[in-house]
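Chemist: Starting off with a structure, shown below.
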Amino acid sequence: MTTIELYRLAEQNEIDIQFFNLPETKSISAYIDGKCYIGLDPDVVVRPKEEHTKLAHEIGHCETGSFYNIYSPLDIRGKHERQAKNWSIKKLIRKDELIQVIKDGLDSAYLLAEYFDVTEDFMIEALEYYDMYFRPCE
């Protein structure tokens, strides 16, 4: 799913996206009075791969209803973050396509991230999610 398709999905699902300074997190989502809102830092938009992954993650919170507040225990926060991350991985990187491009010779997280137009960190998370990433022995 491309960044433009993500913005369309947000529009279709009446998710309001606003741009304002978020120096600590770069993105945020909230569910208020039955409506989902996403905030993106303008710095994110000038970095296409970061915009792509942050937007997908925040839409993931909205689509899965995975919200928490500042008083939530860490295990609850972790659960909701994981649900949003997993949703975004499945939307941006289809497992069958990932398997095919690896077979075609893209054999590093960097090359795969370039192919899928995501950050390298996001690509590593996707490889771990699909049980396809093995850390070298130390």
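Heads up, the sequence shown is in the working numbering, so the first residue is 384 and it goes up one at a time. For each residue, glycine too, the CB sits at the ideal point set by N, CA and C. The structure displayed is predicted, hence computed values, not measured ones.
1) With DSSP run on the structure shown, which of helix, strand or coil describes residue 423?
2) Look at the Cβ atom of residue 512, then the Cβ atom of residue 453, and state whether they are nearer than 7 Å.
3) How many angstroms separate the CA atom of residue 444 from the CA atom of residue 482?
4) What is the C-beta distance between residue 435 and residue 500, in whole angstroms, given that I count them as a contact (C-beta under 8 Å)?
5) Could you give the residue range of the alpha helix (DSSP H) that holds residue 504?
6) For residue 505, which option in 433, 460, 389 has the closest C-alpha, if you only look at C-alpha atoms?
7) With a Cβ-Cβ cutoff of 7 Å, do residue 508 and residue 470 count as a contact?
8) Give the straight-line distance between the Cα atoms of residue 398 and residue 503, rounded to the nearest whole angstrom.
Modeler: From the atom records:
1) Here residue 423 corresponds to residue number 40 of the sequence shown, with the count starting at 1. Strand at residue 423.
2) Counting from one through the sequence shown, the residue named residue 512 turns up at place 129. Counting from one through the sequence shown, the residue named residue 453 turns up at place 70. It is not a contact, given that the beta carbons lie outside the stated cut-off.
3) Here residue 444 refers to the residue found at position 61 of the sequence shown. Here residue 482 refers to the residue found at position 99 of the sequence shown. Each residue's alpha carbon lies about 26 Å from the other.
4) In the sequence shown, counting from the first residue as 1, residue 435 sits at position 52. In the sequence shown, counting from the first residue as 1, residue 500 sits at position 117. Yes, they are in contact, since the Cβ atoms of residue 435 and residue 500 sit about 6 Å apart, within 8 Å.
5) Reading the sequence shown from its first residue, position 121 is the one you call residue 504. Unbroken alpha helix (DSSP H) run through residue 504: 503 to 512.
6) Sequence index remark: in the sequence shown, residue 505 carries index 122 (1-based). Nearest option by C-alpha distance: 433.
7) Residue mapping note: residue 508 aligns to position 125 of the sequence shown, counting from 1. Residue mapping note: residue 470 aligns to position 87 of the sequence shown, counting from 1. Against a cut-off of 7 Å, the Cβ pair of residue 470 and residue 508 comes out as no contact.
8) Stepping through the sequence shown from its first residue, residue 398 is reached at position 15. Stepping through the sequence shown from its first residue, residue 503 is reached at position 120. Computed Cα separation, rounded: 27 Å.
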